[in-house]
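Enquirer: My structure is below; once you've seen it, I'll send some questions.
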Amino acid sequence: MIISTGTASGKSLAYLTPAVAACFDGGTVLYLTPTKALAADQLRGLRELRITQVRAACFDGDTPFEERTWIRQHANYVLTNPDMLHRSLLPRHSQWSSFFRRLRMVVVDECHGYRGVFGSHVAQILRRLRRVCSRYGSRPTFILASATASEPGVFAKRLTGLEMDEVTTDSSPKGSTTIALWEPPLTELRGEGGAPVRRTATAEAADLLADLVLANVRTLAFIRSRRGAETVAMSARAKLQDVAFSLSAHHTGSHRHPHIGHSHARHTTSSHGHPAPAAPTERTTAQDDADPSMPHEPRPPASLNRGSADASTGTGVSAGTGASAGTGASTGTGTGVSAGTGTGASGGTGTGASASTGTGTGTGGVSKPKADTDLSAAVTDLSAAVTRSAAAHPSSLSLTPAENLRDMAGPHAATDIDAAAGPGATADLSGMADQATPAAVTDPAAPIGGLRDGAELQDAAELPDKIAAYRAGYLAEDRRLLEKALRSGTIMGLATTNALELGVDVSGLDAVLIAGWPGTRASLWQQAGRAGRAGQDALAVLIARDDPLDTYIVHHPDALFGQPVEAIVLDPDNPYVLGPHLCAAAAEIPLTEDDLPTFGDTAADVLADLVSQGLLRRRPNGWFWTKRERATDLADIRGGGGTLIQVVESSTGRLLGSVDEPSAHTTVHTGAVYLHQGETFLVEHLDLDAGVALVSGAAPDYSTFARDITDISIISAHRSHPLGPGTLHFGEVEVTRQVVSYLKRRIQSGEMVGDEPLDLPPRTLRTRAVWWTLPADVVAPLAEQGFDLGGSAHAAEHAAIGLLPLFATCDRWDIGGVSTELHADTGQLTVFVYDGHAGGAGFAERGYARATDWLTATREAIASCECDRGCPSCIQSPKCGNGNDPLDKRGAIHLLDTLLTSPSTSTT
């Protein structure tokens, strides 16, 4: 069974009740989650029940070895993750025989997280689990849970290999959530080819986090990288440090309280202290944010860096309100608000706002600067109103969009909105900012974060301690302390990676900041759903990065609101995934003919190939593992596989961690900036033959991005159909990639400061791709109009890669592309987008299925960008090995218009 209802709808109770009943009957329960944080949260909830018959325990990389024996022998409710199931429980199933023999239920929580290559691996791990259970005579019931699964029954069957019932009716009460789409301003900096550079999403997130915490709004900020999470927390603490210093100075009559809003130059001072609880220590091996299988070890906390100065020109925000429904999509009607602010180099400031109401999300018109108001004031007022609304309506259901906006904005703004009723109407919302005059922004003598002139100065000094960072890599006990501090209100703002995205119950959380499109609508609704779990109204802000997809979302809110979440893509039959798990299954229990249906239709062919490679041996009674090595080491379920490259500190010989060989070309190449446990290193030399990358400690003010060139050849086309005057194809390709250089960009501003050459060998990848072609007679008129055909195809390829994650559950770094005016295999202008994983991951296939929608969105993203000739927000790519040259923005629009002149009509 799969339960697919909204966040905070009671899914945990739905599976917990039968699970506890199974423990009462003498059975056991296995609970699987993608992250350690969620497992720890579930364990806390179980222990709070104080049911002595339920002996629950977490079994993951954090579990002390002395406790593991007790868990194997006595626990009847084990919480773990796919990594530990793959590497420990299944290979050592004989040590768990009593547990597996009594296993009654397997709970797969937040199952939408199992997508792409990782999801394909998990699908095969669950098949191995079913086989081991059968060996011990048990047939457990599988219960899956997710708030954001598209076609839940179909997906659950694909994941487990079992027929599934689905529960999708959600009648749980919810508060309303205001969703704001926030586009950072363009700066005066110029990037590649003179393209304008936007202020970074992390810098905007730090400003907003400080504002919200100062307004006593409990906030979670989701940041895409570990370094980013640490940077946002430090920057926000620095801003609150300024406020604390100014309050202290104002108390003595020496200084006024400074504005801490956006686009404001700031002088920072040293920290008064560390966040409470104490700064978390970190582990000694580098791991991905989502990898919960490795143990953590202590190290001294990293020191806080202070100091930042921002200057930017103009900020835009659009917001819509609506009740979350079903799988997390917003309701069909909503109100859109947009606002903009500008700051000139001379220090002059202006803010304007416009609003429209009607069916759908609504978008505001182009804002005109209006003096003496401030967007920060409006946003702070909006966020503070969440708390007021929750107090005024503690048990209310979702408000209608217009009512909710009135309640959030206040009576003056409500009057303006009423006057503007009707589609396309606009109204001046400057009153919303004028009448609010939040104390945190404008009045040094007014309450700030609950502080008054009469409050002790010690309280002001503790403001920076209200913000901390949270990510994988911290010790387990420190992560638990941070979670507890956020729940209790000791910490009011937490900058985190996606480690807190899934299911963790933080009651009382009022606002969520999301720095950059999280990859899928499912992840967006999951992250936004962290706020308002106690039933109160909430605020969620998506801050756009300088990226085509982020730009498209903020300019096309209809692509987000009222849309279903993406179909979850996984391919358990991928031979590069299936092969290693067949070896692992044979090592656990020799495979027989009766086992083959469990692993899918392609298992027999893959087994024959494994025998020919000498990995398995065929005997009359089955297939046997032949090696001394652990078969589970063949499957790197969260990585790219291949030989591991050891990352070693050159001065001490200390092993910092390891990366797989495919990733080494882009992450630890010579000159790369490498982050480990909050410390920054520069790679001195990468020796692929020796399998070593030598690094040294450094503190560069830039990050690095590898760039490659790619050749592609078509092996076979599996499917094709007409697309306009061209043809769309899906099939198998061979990709040859070579990293040729790397970009250096300023961390705070995004400014490009260098492009350094590299000499690395090419790599070959056999995978799957979607590609489209246009014949010469169709594109000839474009060339005659003066468009660069190669540059047009190149620009369309970059934008298409950026937009595919909107239609397939992937990140732009999971896919690649090639474009050419004349391809050797097709003889035509051709644009390829391929899966970046051996054997394919299903992303390109999803692009083939949604080609018209995908390419239409690509065209609109390019056309709606405000730049003249192309920028990172539309057609420039940080991965481009050709230096983003040639690119023809206008030509790309005309090329896509030509391709989309008529819909596809047939499929073969």
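Numbering (my numbering), first residue to last: 1 to 908. Each residue gets a CB set at the ideal place from its N, CA and C atoms; glycine is no exception. Remember, it's a predicted structure, so these values are computed and weren't measured experimentally.
Provide the residue(s) that pair with residue 880 in DSSP beta bridges, ordered along the chain.
Expert: DSSP, once it has assigned bridges, lists 708 as partnering residue 880.
Enquirer: Going residue by residue through the stretch 547–588, where are the continuous alpha helix (DSSP H) segments of at least 4 residues, counting only ones entirely within it?
Expert: Segments of the alpha helix (DSSP H) lying fully in the stretch 547–588: 548–555, 575–588.
Enquirer: Check whether the Cβ of residue 241 lies closer than 7 Å to any heavy atom of the ligand MG, and answer yes or no.
Expert: Looking for the ligand MG in the displayed structure turns up nothing, as the structure carries no ligands at all.
Enquirer: Which residues in the same chain as residue 138 place their Cβ atom closer than 8 Å to its Cβ, once the five residues preceding and following it in sequence are excluded?
Expert: Cβ within range, chain order: 100, 101, 102, 103, 104.
Enquirer: My assumption, with CB atoms under 8 Å, is that residue 124 sits in contact with residue 581. Please give the rounded CB distance.
Expert: Contact flag correct, Cβ pair sits at about 4 Å.
Enquirer: Please state if the CB of residue 149 and the CB of residue 568 are separated by a distance shorter than 8 Å.
Expert: Result yes, Cβ atoms of residue 568 and residue 149 sit closer than 8 Å.
Enquirer: Could you check what DSSP says for residue 685 in three-state terms: helix, strand or coil?
Expert: Here residue 685 sits in strand by DSSP.
Enquirer: Who are the Cβ neighbours of residue 838 in its own chain at under 7 Å, not counting the five residues just before and after it?
Expert: So the qualifying residues of the chain are 576, 765, 766, 767.
Enquirer: Quick check: what's the CA-CA separation for residue 241 versus residue 96?
Expert: For residue 241 and residue 96, the distance between alpha carbons rounds to 53 Å.
Enquirer: Assuming residue 208 contacts residue 486 (C-beta within less than 8 Å), just tell me the rounded distance between them.
Expert: Actually they are not in contact, since the Cβ atoms of residue 208 and residue 486 sit about 17 Å apart, beyond 8 Å.
Enquirer: Measuring only the C-alpha atoms, how far is residue 887 from residue 791?
Expert: Using only the alpha carbons, I get a separation of about 4 Å.
Enquirer: Taking only the alpha-carbon atoms, compute the straight-line gap between residue 863 and residue 870 and give it to the nearest angstrom.
Expert: Distance between the alpha carbons of residue 863 and residue 870 is about 10 Å.
Enquirer: Quick check on residue 858: buried or exposed, where buried means 16 or more other Cβ atoms within 10 Å of its Cβ?
Expert: Residue 858 is buried by the Cβ-count criterion.
Enquirer: When the Cα atoms are used, what is the spatial distance from residue 218 to residue 629?
Expert: Distance between the alpha carbons of residue 218 and residue 629: 50 Å.
Enquirer: Can you check whether the CB of residue 496 is closer than 8 Å to the CB of residue 479?
Expert: In this structure, residue 496 does not lie closer than 8 Å to residue 479 by Cβ.
Enquirer: Is residue 32 near residue 117, with beta carbons less than 8 Å apart?
Expert: Going by C-beta atoms, residue 32 is not nearer than 8 Å to residue 117.
Enquirer: Is it buried or exposed for residue 233, if we count other Cβ within 10 angstroms and need 16 for buried?
Expert: Its Cβ being crowded by 16 or more others within 10 Å, residue 233 is buried.
Enquirer: Unbroken alpha helix (DSSP H) runs of length 4 or more, entirely within the stretch 14–57: which are they?
Expert: List check, alpha helix (DSSP H) in window: 36–49.
Enquirer: What residues match up with residue 198 in a beta bridge as DSSP calls it?
Expert: Per DSSP, 186.
Enquirer: Give, in chain order, every unbroken run of the alpha helix (DSSP H) that is at least 4 residues long and sits entirely within the stretch 805–859.
Expert: Qualifying alpha helix (DSSP H) stretches, in chain order: 843–849.
Enquirer: Between 637, 620, 192, which lies nearest to residue 122 when the distance is taken from Cα to Cα?
Expert: Comparing Cα positions, the closest option is 637.
Enquirer: Among residues of its own chain, excluding the 5 on either side of residue 755, which ones have a beta-carbon nearer than 6 Å to its beta-carbon?
Expert: Contacts found: 741, 743.
Enquirer: So, residue 797 versus residue 831, is the Cβ gap smaller than 8 Å?
Expert: Yes. Within cutoff.
Enquirer: Relative to the alpha-carbon of residue 853, which residue among 835, 882, 806, 892 has its alpha-carbon at the smallest distance?
Expert: Looking at the Cα atoms, 806 is the closest of the given residues.
Enquirer: Which same chain residues end up closer than 8 Å to residue 684 when comparing Cβ atoms and leaving out the 5 residues on each side of it in sequence?
Expert: Within the same chain, residue 684 has close Cβ partners 650, 670, 694, 695, 696.
Enquirer: Need the endpoints of the alpha helix (DSSP H) that residue 737 sits in, please.
Expert: No alpha helix (DSSP H) contains residue 737, which is instead part of the beta strand (DSSP E) from 726–746.
Enquirer: CB-CB under 7 Å to residue 372, same chain, minus the five flanking residues each way: which ones, in chain order?
Expert: Residue confidence is low: residue 372 scores 31 on pLDDT, short of 50, so the model does not pin down where it sits. No coordinate-derived value is stated.
Enquirer: In the DSSP assignment, what are the bridge partners of residue 616?
Expert: In DSSP, residue 616 forms a bridge with 625.
Enquirer: Who does residue 4 pair with in a DSSP beta bridge?
Expert: For residue 4, which the question treats as bridged, DSSP gives the partners 146.
Enquirer: Go ahead and pull the three-state DSSP assignment for residue 715.
Expert: In the structure shown, residue 715 sits in a strand (DSSP, three-state: E or B).
Enquirer: Measure the beta-carbon distance from residue 186 to residue 198 and round it to whole angstroms, keeping in mind my assumption that it falls under 8 Å.
Expert: Correct: roughly 6 Å between the Cβ atoms.
Enquirer: With distances taken Cα to Cα, identify the nearest neighbour of residue 243 among 461, 189, 844.
Expert: Out of 461, 189, 844, 461 has the C-alpha closest to the C-alpha of residue 243.
Enquirer: Along the chain, where does the alpha helix (DSSP H) that runs through residue 70 open and close?
Expert: Run containing residue 70: 65–74, per the alpha helix (DSSP H) assignment.
Enquirer: Which residues does DSSP list as the beta-bridge partners of residue 78?
Expert: The partner list for residue 78 (beta bridge, DSSP) reads 30, 57.
Enquirer: Between residue 815 and residue 705, what straight-line distance do the alpha-carbon atoms span, to the nearest angstrom?
Expert: So the alpha carbons of these two residues sit roughly 16 Å apart.
Enquirer: In angstroms, rounded to a whole number, what distance separates the CA positions of residue 891 and residue 526?
Expert: Taking the straight line from one Cα to the other gives about 38 Å.
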